[in-house]
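Chains A and B, in that order, give the protein sequences. Our numbering runs 7 ahead of the 1-based position in the first sequence. Our numbering runs 4 ahead of the 1-based position in the second sequence. Below: one structure, written as structure tokens.
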Amino acid sequence: MIDPVFLAEAAVNGLLLGGVLALLALGLNLIFGVIDIVWIAYVDLVMICMYAVYFIVQVYGWPIWAGGLASVALGALLGVLVHLLIITPILTSAPVNQLLATGGLLFFLQSFATFLWTTDHRSVRLTLPRLELFDMPISVARLIAFALSILAMLGLYLFLSRTYIGTAIRAVSQDREAMALMGANPQRVYLVTSAVGGAMAGVAAALLIIQYAVHPFFGAAFGPITFMICVLGGLGNMVGAFVASFIMSEVIAVSGVIWSTEMGYVIAFVVFIVMIFVRPGGILAKRG
Amino acid sequence: MTGARALGLLVLMGLAVAPFVPGVMREYTIHVLVQIFIWSFIGGAWSLMGRFGLTSLGHGAFLGLGAYTSTLLWNFFGLTPWLGAVAAMALTAGLAVIVAYPCSRFQVVGHYFGLVTLAVGEVVRLLIIAERDWTGGSLGLTVKAAGHDSLVAVQFADKRVFYYLALGLWLIGLYVWVRVDRSMARSAMEAIGEDETAAASVGIHVTRFKVGITVLSAVLTAAGGIAYAQYISYVNPDTLAGIGVSLRIVFAVVLGGMYSLLGPTVGTALTIALAEYLRVLFGLKFIGMAETIYGLLLILFIIFLPAGIYGTVRQLVRRRRPTAVAA
């Protein structure tokens, strides 16, 4: 029998991980919902931003908040570049080609990172106090990451619901053709969406680097689970993605403690596969 | 048509005698060709599904399950890979049904199908790593050596034996492709790919066809995985299962062109030749550079040759012909 304290600790860790996963899933889901293309390489963009924070903070000795801001800016820039260079030429291609183009980006980023920075694991070391809650050690870094990711998601929500361009983005995700008929310029909406999605990747990168070491295959470790969360929540459904993140992170964390880390992911993927069959429209969708 | 057939026969004869003509093929050339045959076979198996809109991103699952089943049966129970292959293919067929049946019943198509299969691929990869006590985890597993040339163990010191086995496998793959291409199933699958509801309304048994083609594709993929494992005599979860290898298979096929008989072969030959060339060019210096260029070229190919190389060439030839007649 496993000590209930371990389980509780795993549950808390799962909750904290869920915050950052939700951030990743929302960024990817935003792009998916609006442009209707899966960026297979999304988490690899996060990986690049993580390296940026690492170099700024650990090598050049700048404060962590500066690294975070740079990461957000870099993320937005990368998002725009990906859209202009890769997505724009293939907007009307077959879905498999769209997947493969961003898949090629995945190979490119992974191996270019290997080439530039080798496969060493690198982490940003912050000296933070450790908290204890009911005899459970709680990582302050994770707590901060959780709080900031909730804040970032609130910011995204306000941006989408309160600003003019945010409204346009939501309109496109509901009906692409109608939006063009109304005289709006989809290309501009796509660009802003990609920039915002990229910026979310940058935020996530800054929050991940204080908890995990970065290496070229970081994207491969976190990528698949991020797609699963998006689909589980319902593509384009922000609230669904948010809820799904916490379900998945709890499944991973708790079964990781009971069995092993790999089994945690296996169970999470199996949950995903079963959920697709039971609720194809996402966990919050009404059954049709 | 007869010209093309004669040319094909000529190439085939060339391939058949080449290993015995002195000075034509070094061992390294044979090594590259064996890989091209096996992976073309696997790519062809994938395209059986891909051409009908069933874009699987998880063929690594079938590849890994096949390769590991036969290897584990040989290593632990001494079961000959011939029988191991039968067991592995039966197991893979089972997995294919488990994936394809609900996908078809609940109309999981497009992006969703891709992501479900991707999840299946990851499940297999992670299970292999998790069961490290007998699979060796992420370090992989060496196929136990028989110590001498053995048909029972399918281990030969001379690469030429594998060359002919792989050539045969590749031809079987082409044969299956042609059979499917000329069958009723093709029309049915094309109708399903266009519009499932409409296909069902004219009496096509959608689920039966979808599950059938998935099982066929999965079983052939498993066979390819076993062949590769026997040839390399080493299995590894990252090279035989998971998202990386699954994407590589799809890349090669799309690069060549998935709607034609030789498309997967052209794409596979090109990607393997490219990867080998870059590997030899860079050697142990600049680790990662070869893969970087590979990724970059893939993006460029997808953007500029959306119909694949074979498809684009064929389009060009077709466009050229009427003008030639007119002139």
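Glycine residues also receive a C-beta, built at the ideal position from the N, C-alpha and C atoms. Note that the structure is predicted; figures quoted are calculated from it, not measured.
Minimum Cβ-Cβ distance from residue i to chain A less than 8 angstroms
i	result
Thr59 of chain B	yes
Ile306 of chain B	yes
Val112 of chain B	yes
Val329 of chain B	Note that Val329 of chain B scores a pLDDT of 45, beneath 50, so its modelled location is shaky; the value from the coordinates is reported in the next line. So, not an interface residue.
Thr316 of chain B	no
Ile276 of chain B	no
Ile313 of chain B	no
Leu130 of chain B	yes
Glu295 of chain B	yes
Gly216 of chain B	no
Helix, strand or coil at residue i according to DSSP, with G and I counted as helix
i	result
Arg109 of chain B	helix
Pro341 of chain B	An answer regarding residue 341 of chain B cannot be provided, because it is not within the stretch 5 to 331 covered by chain B.
Gly57 of chain B	coil
Asp137 of chain B	helix
Ala330 of chain B	With a pLDDT of 44 at Ala330 of chain B, under the threshold of 50, the predicted position of this residue should be treated as unreliable, and no value is reported.
Phe290 of chain B	coil
Ile176 of chain A	helix
Asp51 of chain A	helix
Pro11 of chain A	helix
Ala159 of chain A	helix
His115 of chain B	helix
Ala101 of chain A	coil
Leu16 of chain B	helix
Met255 of chain A	helix
Interface residues of chain A facing residue i [CB-CB closer than 7 angstroms]
i	result
Phe290 of chain B	Phe122
Gly118 of chain B	Leu106
Ile133 of chain B	Glu269
Leu251 of chain B	Gly110
Sheet register partners of residue i (DSSP bridge)
i	result
Ile34 of chain B	Paired residues: none, contrary to the question.
Leu145 of chain B	B:Val239
Ala199 of chain A	For the sequence presented, residue 199 of chain A should be read as Val rather than Ala. Paired residues: none, contrary to the question.
Ser146 of chain A	A:Arg137
Arg129 of chain A	A:Val221
Gln181 of chain A	Answer by DSSP bridge pairing: none, since Gln181 of chain A is not bridged.
Gln159 of chain B	B:Ser154
Contacts that residue i makes with chain A (C-beta to C-beta distance below 9 angstroms)
i	result
Tyr298 of chain B	Gly111, Phe114, Phe115, Ser118
Phe255 of chain B	Leu107, Gly110, Gly111, Phe114
Min CB distance residue i to chain B below 8 angstroms
i	result
Ile97 of chain A	yes
Phe284 of chain A	yes
Tyr272 of chain A	yes
Ser256 of chain A	no
Ser180 of chain A	no
Gly21 of chain A	no
Phe225 of chain A	no
Phe13 of chain A	no
Met57 of chain A	no
Met235 of chain A	yes
Val103 of chain A	yes
Phe276 of chain A	yes
Val45 of chain A	yes
Cβ-Cβ distance between residue i and residue j below 8 angstroms
i	j	result
Tyr298 of chain B	Leu282 of chain B	yes
Gly229 of chain B	Leu83 of chain B	no
Gly205 of chain A	Val50 of chain A	no
Tyr197 of chain A	Val66 of chain A	no
Gly312 of chain B	Gly271 of chain B	yes
Val264 of chain A	Ala17 of chain A	yes
Ile306 of chain B	Gly111 of chain A	yes
Val124 of chain B	Trp78 of chain B	no
Gly75 of chain A	Ala208 of chain A	no
Ala275 of chain A	Met245 of chain A	no
Met57 of chain A	Leu155 of chain A	no
Gly267 of chain B	Val257 of chain B	yes
Thr109 of chain A	His222 of chain A	no
Ala152 of chain A	Val27 of chain A	yes
Closer than 9 angstroms at the beta carbon, the chain B residues around residue i
i	result
Ile259 of chain A	In chain order: nothing, as chain B lies at least about 11 angstroms away.
Ser100 of chain A	Ile306, Ile307, Pro310
Ile280 of chain A	Val103, Pro106, Val120, Ala123, Val124, Val127
Within chain B, the residues that residue i reaches when beta carbons sit closer than 7 angstroms
i	result
Pro193 of chain A	Per Cβ cutoff of 7 angstroms: no residues; Pro193 of chain A is ~20 angstroms from chain B at best.
Val238 of chain A	Tyr116, Leu119
Chain B contact residues for residue i, given Cβ-Cβ distances below 8 angstroms
i	result
Val246 of chain A	What Val246 of chain A touches in chain B: nothing, since even the nearest Cβ is about 19 angstroms away.
Pro231 of chain A	Leu122, Ala123, Glu126, Ile247
Contacts of residue i in chain A (Cβ-Cβ under 8 angstroms)
i	result
Ile303 of chain B	Ile93, Ala108, Gly111, Leu112, Phe115
Val258 of chain B	Val103, Asn104, Leu107
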